[in-house]
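Enquirer: Heads up: the sequence shown is residues -10 to 214, going by this note's numbering. Following this message is one structure expressed as structure tokens.
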Amino acid sequence: MPTTQKTLMFLSSFVTSLGSVIIICLILGTQAWITSTLATIDSFSNGSVIITYGIFRGKSTQELTQGLTEPDKDFEVFGILNNSPKSLQMATLVFLVLSLLTSLLSSAFTFYNSISNPYQTFLGPMGVYTWNGISAFSVFLAMLLFVGNTQSSQLSEELSRELYPGITIKEATHSYGYSFWLILLIILLNAVTVVIIFFYQKSRHQQRQAERKPMEFAPRDGILF
């Protein structure tokens, strides 16, 4: 059976790993990744399109200086995208799913270590380090891909043109929402998980060193008996 110290520290890591899983599920299911305001012009008037979306779904609102505006539209991101923006959006999703799976594995490993002493090295701290490293790297790549898709591939502009055919976009401003910034919290939780296990290993090493010292400094005749 594991010691009380090991149980507490691995349970703490289990909580942080589970927190990563919950937050990834949250950001996958919400639309508050980005809000873009697009200044537009068409044959009849000037106006703007305000579009808010996430990985899967979004909502758009049209505002015109004159004339009739179209009703607010709910849309499926993958359903209306084409070519490069769709590929980058899919790549973002793949890395988020990879981060989710590795966070689940980290949760499983930390919980298993809190109730058992595995013989295999990879099932211990080494496995926890590996899964959290992959999780943090994957979600960071997803963050970069989403920003690149928005800025370079003009994701918001592409969505707006598909939703409102015939408009001309003059300029666009983007504001990233809480779902996007929660990625930083996922990376932080991955780092905290690793730090907890690192300090557990360091403490264990110091305890072993302390146990060896009495034998090293004991009298030779005492050791013989």
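All C-beta atoms, glycine included, are put in the ideal place defined by N, C-alpha and C.
Can you find the residues in the same chain that come closer than 7 Å, C-beta to C-beta, to S34, ignoring five residues on each side of it along the sequence?
Expert: L53, T54, Q55, G56
Enquirer: I need the straight-line Cα distance from P107 to I176, nearest angstrom please.
Expert: 27 Å
Enquirer: Put P(-9) into one of helix, strand or coil per three-state DSSP.
Expert: coil
Enquirer: Could you tell me whether the region 105 to 124 touches the region 64 to 79, where touching means 3 or more Cβ pairs closer than 8 Å?
Expert: no
Enquirer: Counting Cβ pairs, one atom from each stretch, are 3 or more of them under 8 Å apart for the region 130 to 147 and the region -9 to 1?
Expert: no
Enquirer: How many angstroms separate the CA atom of G36 from the CA atom of I158?
Expert: 10 Å
Enquirer: Note down the Cα distance separating L134 from S6, rounded to an integer number of angstroms.
Expert: 23 Å
Enquirer: Using a Cβ distance threshold of 8 Å, determine whether the region 37 to 48 contacts the region 15 to 29, with at least three qualifying pairs required.
Expert: yes
Enquirer: Check this for me: beta carbons of A128 and I186, under 8 Å apart or not?
Expert: The sequence as given places Val at residue 128; Ala does not occur at that position. No; because the gap between Cβ atoms is not below 8 Å, this pair is not in contact.
Enquirer: Specify the secondary structure class of T29 as computed by DSSP and reduced to three states.
Expert: In the three-state scheme derived from DSSP, where H, G and I count as helix and E and B as strand, T29 is classed as strand.
Enquirer: Starting from the Cα of I156, find the closest Cα among T29, I16, I11, V66 and give me that residue.
Expert: From the listed residues T29, I16, I11, V66, the smallest Cα separation to I156 is found for T29.
Enquirer: Is the beta carbon of D63 less than 8 Å from the beta carbon of R46?
Expert: yes
Enquirer: Rank G8, Q140, L27, S192 by C-alpha distance to the C-alpha of A97 and give the top, closest one.
Expert: G8 is the residue among G8, Q140, L27, S192 whose C-alpha sits nearest the C-alpha of A97.
Enquirer: Identify which residue in A125, L130, S95 has its Cα closest to the Cα of G113.
Expert: S95
Enquirer: Quick one: what does DSSP say G122 is sitting in, helix, strand or coil?
Expert: helix
Enquirer: Do F3 and S92 have their C-beta atoms closer together than 8 Å?
Expert: Contact: no.
Enquirer: Return yes when the Cβ of H163 is within less than 8 Å of the Cβ of S49, no when it is not.
Expert: no
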